[in-house]
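*Asks:* With the sequence shown counted from 1, adding 48 to any position gets you this note's numbering.
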Amino acid sequence: VDPERWGMTVQQFCAFIMACFSGDVETGGGSLAQFAEDLEVKLAMNHQKAAATVNLYEINERFVKPWTRNSGNSISLLLNNSQPLQAQLMISHSWGEDVIEAMIAILGKICSMGLPLGTVIWFCTFAQYQPGDEDGDCGPTVQEQLDKQPFKRVIASQPPHGMLVIHTSRADVYKRLWCVFEVNEAKSSGVPPSAVFSMHLLSETYDSVWRRGLSASDHCQVDTKKAECGSPADTDMITKLVEATHGFEKLNREIFSFRKETLTGMLNAAKSFSDWATEAHDGSSSSSGHESDKRAMQTLRDVANTAGIWVALHCLLSECKIAGYSDAKYRRHILCMAHNCARPLMWALAQQSRYPIPFLDPRKASHEVDKLVVDFEATETLQGLLENLERFSLPVGILEMAVGGQQIAKPR
């Protein structure tokens, strides 16, 4: 199968990630959920303040490799074995990112662009066969796959929605040389990359701008020549390829330009969120007022996370139905996770009725709070809400809001 057909739908992507977190209902939670909980305990014992996150290295070791080992097929090809999918959007990202944060950023961009969950993405961790270098595995090896030049071929296929570069708070995408290479290839092939900033990163960036007086330019400076790969051979290969085309200095300028354009728009959106928080809470512009604004933005960020989880659970439930998987315990577990989303979503709806939240489409926030509260408590109506994103469109509206609304999110 040609590399450009190692794609998976956004729905499959989200469903797979949520399946990793939901796990075996017999034990009351997924392996990754338990892993994150155990990591929180270890961090607390070591007096570390960093929150526990799950990145793609952990997803790969705990799920991707065990589930694909000796099959010769990636996650994408296992899901679409009878009819491999041609990539419509390439995702450039760092393996060190928080996978949930990245998933929510992708969902926000997809929703804001008006693209369906059936849009086919190329996401390297799931597109490529990962256990091929293990002793006794049937392969193909990582090098055998790289010899097919998958990144270059996907970009050369001119995916209709281009390439999306994911910026998150846990990992700098431009410290990963493969990402630098992907941007370089996109530029060389006339496929302009677009960018999305997670609301976590936006909140942190806006706070540093307010506190330290930094500009968008300060945050967008990049030195791509310092980016690294896990393999010295890959580093040498990619460095030569970049120098033979655009060169690192020109690449720095181009990345700076499109990164700044996106971040400037998002910082303007963050200013709108901050102004909203001031009006909705204490109306103060003092330092204490700033702390109130900061908490309000953090709450919006958490609400956006909840909306992303809701849509991802919708994807998981939908994929279970497509696969004919009807385990009652697993369905109840999914609905239990969905029920946990109720309070943050109801908070957003209540706020919208008093102080409209910037960039939240009022057509997607017109639900009656009292009726929704009742619907969330009944299993059948809760499942109905989760199955139909048009009937309950608030989570999609919140995801659009998190990336600055439809106009900001559209590629230029």
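Cβ atoms here follow ideal geometry from the backbone N, Cα and C, with glycine treated the same way. Here the structure is a predicted model, which means the values were calculated and not measured.
#1: Bridge partners for Asp146 per DSSP, in chain order?
#2: Does the beta-carbon of Gly313 have 16 or more other beta-carbons within 10 angstroms, so that it is buried, or is it exposed?
#3: Buried or exposed for Cys68, going by 16 or more other Cβ atoms inside 10 Å?
#4: Starting from the C-beta of Gly55, find all residues in its chain whose C-beta is less than 8 Å away, skip the five residues before and the five after it, and write them out in chain order.
#5: Cutting at 7 Å between CB atoms, please list the residues of its own chain near Ala99, excluding the five before and the five after it.
#6: Look at the alpha carbon of Ser251 and the alpha carbon of Thr216, and state the distance between them as a whole number of angstroms.
#7: Verify whether the separation of the beta carbon atoms of Pro241 and Ser140 is less than 8 Å.
#8: Considering Trp54, what are the terminal residues of the beta strand (DSSP E) in which it resides?
#9: With a threshold of 16 other CB atoms inside 10 Å of the CB of Tyr105, please say whether the residue is buried or exposed.
#10: Find out if the Cβ-Cβ distance for the pair Ser70, His381 is shorter than 8 Å.
#11: Give the secondary structure of Ala67 by DSSP, where H, G and I count as helix, E and B as strand, and everything else as coil.
#12: Under three-state DSSP, which class holds Arg224?
#13: Check the DSSP bridge columns for Ile169 and list the partner residues they point to.
#14: Within this structure, are the beta carbons of Leu408 and Gln400 separated by less than 8 Å?
#15: When DSSP labels each residue in this structure, what does Val73 get in the three-state scheme?
#16: Residue ranges of each alpha helix (DSSP H) run of no fewer than 4 residues wholly in the stretch 413-445, ordered along the chain?
#17: What are the partner residues of Ile303, as DSSP defines its beta bridges?
#18: To the nearest whole angstrom, what separates the beta carbons of Ser160 and Val421, a pair I think is in contact under 8 Å?
#19: On the criterion of 16 or more Cβ atoms from any shown chain inside 10 Å, does Glu192 qualify as buried, or is it exposed?
#20: Grouping DSSP H, G and I as helix and E and B as strand, with all else coil, what is Leu262?
#21: Which one or two residues does DSSP pair with Val290 in a beta bridge?
#22: Going by beta-carbon coordinates alone, are Glu302 and Arg218 separated by less than 8 Å?
#23: Please look up how many angstroms separate the CB atoms of Trp441 and Lys412, rounded, as I've assumed it's under 8 Å.
#24: Tell me whether Tyr403 is buried or exposed, calling it buried when 16 or more other Cβ atoms sit within 10 Å of its Cβ.
#25: If contact is defined by three or more beta carbon pairs under 8 Å, each pair taking one atom from either stretch, is the stretch 308-325 in contact with the stretch 258-268?
#26: Note down the Cα distance separating Trp395 from Leu348, rounded to an integer number of angstroms.
#27: Are Leu447 and Gly356 closer than 8 Å when you measure CB to CB?
#28: On the DSSP bridge list, what partners appear for Val213?
#29: Let me know if Cys186 comes out buried or exposed under the rule of 16 or more other beta-carbons within 10 Å of its beta-carbon.
#30: Where does Glu276 fall in DSSP's three states?
#31: Hey, could you find the ends of the alpha helix (DSSP H) Glu192 is sitting in?
#32: Just verifying my parser: in three-state terms, what is the DSSP assignment at Ile405?
#33: Take the Cβ of Leu212 as the centre, count every other Cβ of all protein chains shown within 10 Å, and call the residue buried at 16 or more, exposed below.
#34: Residue range of the alpha helix (DSSP H) that Leu548 falls in?
#35: Using DSSP with H/G/I as helix, E/B as strand and the rest coil, what is Cys389?
#36: Work out the CA separation of Val102 and Glu85 for me, nearest whole Å.
*Replies:* Taking the definition as stated:
#1: Asn103
#2: buried
#3: buried
#4: Ser124, Asn128, Pro132, Leu133, Gln134, Ala135, Gln136, Val168, Ile169, Trp170 and Ala175
#5: No answer about Ala99 holds up, because its pLDDT of 45 lies below 50 and its placement is not dependable.
#6: 11 Å
#7: yes
#8: Looking at the DSSP string, Trp54 is not in any beta strand (DSSP E), and its letter there is neither H nor E.
#9: exposed
#10: yes
#11: helix
#12: strand
#13: Met56 and Leu137
#14: yes
#15: Only weak support is given to the placement of Val73: the predicted model assigns it a pLDDT of 36, under 50, and the value that follows is read from those uncertain coordinates. Three-state DSSP puts Val73 in a helix.
#16: 417-425 and 427-435
#17: Looking at the DSSP assignment, Ile303 forms no beta bridge with any residue, so it has no partner.
#18: 28 Å between Cβ atoms; not a contact.
#19: exposed
#20: coil
#21: Paired residues: none, contrary to the question.
#22: no
#23: Before going further, note that residue 441 is Ser rather than Trp in the sequence given. Ser441 to Lys412, Cβ: 4 Å. Contact.
#24: exposed
#25: yes
#26: 10 Å
#27: yes
#28: Ser140 and Ala243
#29: exposed
#30: strand
#31: Val190 to Leu194
#32: coil
#33: buried
#34: The question about residue 548 has no answer, for the chain in this structure spans 49 to 460.
#35: coil
#36: Bear in mind that the predicted position of Glu85 carries a pLDDT of just 48, short of 50, making it unreliable; the figure below should be weighed with that in mind. Each residue's Cα considered, the two are about 10 Å apart.
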